[in-house]
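Notes for the one structure printed next.
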Amino acid sequence: AAGPAALAGTAWAAAASRSAKAPVQLDMDALESLFRVVEAQAVVGGGGSTPAKPARVELVEHRRAHNICIELAGIRLPFPAIKAALGSWDAGALSLEQLAALGRAVPEDAERRAVAAYLKGEHPRYKGLSDPALLGTVERYFVEVMDIPRLAPRISAVAFARAFDATADRASRELATLQNAAAALTGTPTFVDLLAAVLDLGNALNAGTHRGGAAGFRLDTLLKLADVKGADRKTSLLHFVLGQVLAAEGKREKEGGGGDGDAAADAPPAPAPRSVRTLSSDLAVVKAGAGVQVSAVKAMLADARTGLARVDAELAAAVTAAADSDAAGDVGPAAAAHRAFAGATGSFAESARARVAALDAEAGAAHAALAVAAAFFGEDFDEADPTRVLRVVRDFLGLFDRAAGEIAKAAAADATAAAAADKRVELERRVRDAGTPKAAAATPRP
Numbered sequence: 010a011a012g013p014a015a016l017a018g019t020a021w022a023a024a025a026s027r028s029a030k031a032p033v034q035l036d037m038d039a040l041e042s043l044f045r046v047v048e049a050q051a052v053v054g055g056g057g058s059t060p061a062k063p064a065r066v067e068l069v070e071h072r073r074a075h076n077i078c079i080e081l082a083g084i085r086l087p088f089p090a091i092k093a094a095l096g097s098w099d100a101g102a103l104s105l106e107q108l109a110a111l112g113r114a115v116p117e118d119a120e121r122r123a124v125a126a127y128l129k130g131e132h133p134r135y136k137g138l139s140d141p142a143l144l145g146t147v148e149r150y151f152v153e154v155m156d157i158p159r160l161a162p163r164i165s166a167v168a169f170a171r172a173f174d175a176t177a178d179r180a181s182r183e184l185a186t187l188q189n190a191a192a193a194l195t196g197t198p199t200f201v202d203l204l205a206a207v208l209d210l211g212n213a214l215n216a217g218t219h220r221g222g223a224a225g226f227r228l229d230t231l232l233k234l235a236d237v238k239g240a241d242r243k244t245s246l247l248h249f250v251l252g253q254v255l256a257a258e259g260k261r262e263k264e265g266g267g268g269d270g271d272a273a274a275d276a277p278p279a280p281a282p283r284s285v286r287t288l289s290s291d292l293a294v295v296k297a298g299a300g301v302q303v304s305a306v307k308a309m310l311a312d313a314r315t316g317l318a319r320v321d322a323e324l325a326a327a328v329t330a331a332a333d334s335d336a337a338g339d340v341g342p343a344a345a346a347h348r349a350f351a352g353a354t355g356s357f358a359e360s361a362r363a364r365v366a367a368l369d370a371e372a373g374a375a376h377a378a379l380a381v382a383a384a385f386f387g388e389d390f391d392e393a394d395p396t397r398v399l400r401v402v403r404d405f406l407g408l409f410d411r412a413a414g415e416i417a418k419a420a421a422a423d424a425t426a427a428a429a430a431d432k433r434v435e436l437e438r439r440v441r442d443a444g445t446p447k448a449a450a451a452t453p454r455p
């Protein structure tokens, strides 16, 4: 059998030999006629006097046209309605989502020129054709909007204006949370009471060493209290100090009695004594503040300033163009669009400038409050990480809540056991009483 090398080219050699002996009779006239027809159909606007009209004229690159079609389909408005809304810059005509989609469907300069050339019958691929009905979907949309001046930057400016209030409100809430969290840290006496107890505990444990007699400690020390266990492998230093504070509070409540018996009947009730039991709820805002991403808030403020600058630039351009149009007596659609944009954004820009200035002031107040809170506990304030103290306290509160729950559970179990023991003693007493013979009534002997 022949190997692969011997077989190479055998088929072509056989075909050549067969063709030489009995060549196939090809109809060359039919071949020429067929391919001349195909060529004529393939060339639009060629040298023939009656070129075939294309079914659709597409001037935009296929993938880009496909993406823009998807955007336009999601808007669900006829193109003239979109043109009217963009030309008048009616704030209520288009939603923020629709504006975002339209911002991604703005014709580029080259696409504008291609559409304009086609409408004049001068496009090199479609010489002599100018029928708008032949245009594809995207091209027909471009015909509607391409004469609106400064379309892309103005869509961006209007979209910014529509989203501004929601963004500003969110930034303001975040900044208020930070400021309130810092104020809670410095204004919660129960937290200071607990820190004092922890300081006393540390000084007692370190008595006689160079660490004894400390005037304070770093806040992250609180996170280590739950790690140090007693001989029972269950009770931590946090359990111990919290139990001691709760016991001291209970003693003070008992010694306080029922209040002043001589107080007037219509006097307001005395405020409840403060208790470490409410610490977690007292510092709930600290937990919220620890979750605020300061970098995200800064980014929102920076975006607000940048967006407002773009609006101001577009507003200035519109005012100038409108004035020039008025001076020239121009009443065309472009001039009307300039005036409409200036009217739609002028009042917004003024109020937004005041709001951005207020947000900058709120940011400064929150920053100062966080710095004060850090200094209150003797902590270094890190400009790059201004919420570190909040996060430390939040993490400690998680440990505190767990320890408080375990102490409450143990106390409830002890109370249940004590109640059961009391009940058992009472039952035993009743049994003894029932088994003791009663003194017989005295009767005379016969």
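The working numbering numbers the first residue of the sequence shown as 10 and each following residue consecutively. Glycine included, C-beta positions come from ideal geometry on N, C-alpha and C.
Member of Ala370, Asp156 and Pro133 whose CA lies at the smallest distance from the CA of Lys307 | The residue with the shortest Cα to Cα distance from Lys307 is Ala370.
From Gly57 to Ala123, what distance separates their C-alpha atoms?
-> Residue placement at Gly57 is poorly supported in this model, since its pLDDT is 49, which falls under 50; the coordinates still yield a value, given next. Their backbone Cα atoms lie some 24 Å apart in a straight line.
Out of Ala102, Trp98 and His75, which has the shortest C-alpha to C-alpha gap to Leu86?
-> Ala102
Just the C-alpha distance for Glu120 and Ala191, rounded to the nearest angstrom, thanks.
-> Between the C-alpha atoms of Glu120 and Ala191 there is a straight-line separation of about 56 Å.
Determine the direct distance from the alpha carbon of Leu208 to that of Asn215, and round the result to whole angstroms.
-> Those two C-alpha atoms are separated by around 10 Å.
Keeping to the same chain, check which residues put their C-beta closer than 7 Å to that of Ala262; ignore five residues upstream and five downstream.
-> Note on identity: in this sequence residue 262 is Glu, with Ala being the wrong assignment. Around Glu262: Pro282.
Cβ of Arg314 within 9 Å of any chain D Cβ | Protein chains in the displayed structure number just one, and chain D is not present.
With Lys92 as the anchor, note down where its alpha helix (DSSP H) starts and where it stops.
-> Phe88 to Ser97
Assign Gly221 to buried or exposed, taking buried as 16 or more other Cβ atoms, counted over all protein chains shown, within 10 Å of its Cβ.
-> Gly221 is classed as exposed because its beta carbon has fewer than 16 other beta carbons within 10 Å across all chains shown.
Any idea what DSSP makes of Val381, helix, strand or coil?
-> Taken through DSSP and simplified to helix, strand or coil, Val381 comes out as helix.
Tell me where the alpha helix (DSSP H) around Gly265 begins and ends.
-> Leu246 to Gly265
Leaving out the 5 sequence neighbours to the left and right, which residues in its chain are closer than 6 Å to Pro89 when beta-carbon positions are compared?
-> none
C-beta contact flag for Ala313 and Leu368 at 9 Å | yes
In three-state terms, what does DSSP make of Lys238?
-> Note: Lys238 maps to strand in three-state DSSP.
Where do the N-terminal and C-terminal ends of the alpha helix (DSSP H) with Glu120 fall, by residue?
-> Asp118 to Leu128
Taking the alpha helix (DSSP H) that Arg171 falls in, what are its first and last residues?
-> Leu160 to Thr195
Can you give the Cα-Cα distance for Ala206 and Arg400, rounded to whole angstroms?
-> 21 Å
Should the stretch 353–367 be regarded as contacting the stretch 376–383, the criterion being three or more beta carbon pairs within less than 8 Å?
-> no
Validate contact between the stretch 169–189 and the stretch 323–336 using beta carbons, cut 8 Å, 3 pairs = Too few Cβ pairs lie closer than 8 Å, so no.
Among Val66, Ile91 and Ser139, which residue has its Cα nearest to the Cα of Thr146?
-> Out of Val66, Ile91 and Ser139, Val66 has the C-alpha closest to the C-alpha of Thr146.
What is the residue span of the alpha helix (DSSP H) that Tyr150 lies within?
-> In this chain, the alpha helix (DSSP H) harbouring Tyr150 covers Thr146 to Val154.
Cβ neighbours of Leu232 in the same chain (closer than 8 Å, five flanking residues each side left out) = Val401, Asp404, Phe405 and Leu408
What residues in its chain sit with their C-beta under 7 Å from that of Arg440, if we drop five residues either side in the sequence?
-> Sequence check: residue 440 is Val here, not Arg. Scanning its chain for C-beta atoms nearer than 7 Å, with the 5 sequence neighbours on each side dropped, one finds no residue around Val440.
Considering only the beta carbon of each residue, do Gly96 and Ala349 sit closer than 9 Å?
-> yes
What are the start and end residues of the alpha helix (DSSP H) that includes Phe200?
-> Pro198 to Leu214
Should Gln50 go down as buried or exposed, given a rule of 16 or more other Cβ atoms within 10 Å for buried?
-> Note that Gln50 scores 38 on pLDDT, short of 50, meaning its location in the model is unreliable and no value can be drawn from it.
With respect to the alpha helix (DSSP H) encompassing His75, which residues constitute its N-terminal and C-terminal limits?
-> His71 to Ile84
Taking only the alpha-carbon atoms, compute the straight-line gap between Glu323 and Ala297 and give it to the nearest angstrom.
-> 39 Å
So what does DSSP say about Val66, is it helix, strand or coil?
-> strand
How is the alpha helix (DSSP H) around Ser334 delimited, first residue to last?
-> Val303 to Ala337
Quick one: what does DSSP say Thr513 is sitting in, helix, strand or coil?
-> Since the first residue shown for the chain is 10 and the last is 455, residue 513 is missing from the structure and cannot be characterised.
Buried or exposed for Lys129, please, with buried defined as at least 16 other CB atoms from any protein chain shown within 10 angstroms of its CB.
-> exposed
Buried or exposed by the 16-neighbour rule on C-beta atoms within 10 Å, applied to Ala458 = Residue coverage of the chain in this structure runs from 10 to 455, which leaves residue 458 outside it and unanswerable.
Tell me whether the beta-carbon of Ala193 lies closer than 9 Å to the beta-carbon of Asp291.
-> yes
Roughly how many whole angstroms lie between the Cα atoms of Ala426 and Arg411?
-> 23 Å
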